[in-house]
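One structure below.
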Amino acid sequence: MPHGSWRVLDLDLAARLVAACRAGCQPCQQTLIPKVVKEKRATLAALAGAVYGAVPTVGFAASDTTRQWAPLARTAMQAGSGDEAFAAVDAMDEAAAAALLDDALDHWAMGDGPVLAKLSGRSPKAPHDAGPPTRWTPSGRPGSTSSPWTTWT
C-alpha cells in the first residue's frame, strides 16, 4: 500500500511480528500484537495493505473489519495513495484493529508471494519462465523492485 512521507513505519517491529507468526511463537506474538494495535497503526495498515492491496478477495474466513477495509487497500494500491486506508485504520477501535491485524498476520504466516498468489486465485509463472524468484517486497507486489513507499524508517 502506498505510504505517505509523514507516516512513520516501524519496520523492525513489523519484521519481528511476522517472524513470530511464521515461527508460531505465541509469547512473542502476545507481546508484539498489542504494541502494533495500540501504538503503531501506520505499521498495522502497512502490514495489512501489503496483503489486501494485492489479493483480489479477502477470503471466507476474514473478519467483517477486514472485509470492509480491504477495498480501501486495493484502491490505495491502484491509486498510489494510501491516505484513506491509513485514516480508516487510525479510526478503528482496538478490537477492529486487532481483527484486521490478525487476518493479515494469518496471510504473512503462510509464507511468501507464491502462496498468497495461489490463495488469491492467481497462478504464478511456471518455473521455466518465472525469471528471478518471486518475493514479497514492502510494496506488497510480488517481484516488484521499486517501492511506492516514500519513507523508510
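Per my numbering: the sequence shown ends with 153, consecutive numbering throughout.
Backbone N, C-alpha and C fix where the C-beta goes; we use that ideal spot for every residue, glycine too.
No experiment lies behind these values; they were computed from the predicted model shown.
**Message:** Buried or exposed for residue 74, going by 16 or more other Cβ atoms inside 10 Å?
**Reply:** With 16 or more other CB atoms across the displayed protein chains lying within 10 angstroms of its CB, residue 74 is buried.
**Item:** Through-space distance from residue 48 to residue 128, alpha-carbon basis
**Value:** Note on residue 128: pLDDT 38, under 50, position unreliable in the model; the coordinate value appears next. Cα to Cα, the separation comes out at about 31 Å.
**Where residue 72 sits in the DSSP three-state scheme** = Three-state result, residue 72: helix.
**Prompt:** Nearest chain C C-beta to residue 30 closer than 8 Å, yes or no?
**Reply:** Any reference to chain C falls outside this structure, which holds one protein chain only.
**Request:** Enumerate in chain order the residues of its own chain whose CB-to-CB distance from residue 84 is below 6 Å, with the five nearest sequence positions on each side excluded.
**Result:** 72.
**Message:** Across the segment 37 to 44 and the segment 4 to 17, are there enough close Cβ pairs to call them in contact, namely three or more that are closer than 8 Å?
**Reply:** Here the segment 37 to 44 lies against the segment 4 to 17, with 3 or more beta-carbon pairs under 8 Å apart.
**Prompt:** Where residue 23 and residue 57 are concerned, what is the direct C-alpha to C-alpha distance, given to the nearest angstrom?
**Reply:** Between residue 23 and residue 57, the C-alpha separation is close to 26 Å.
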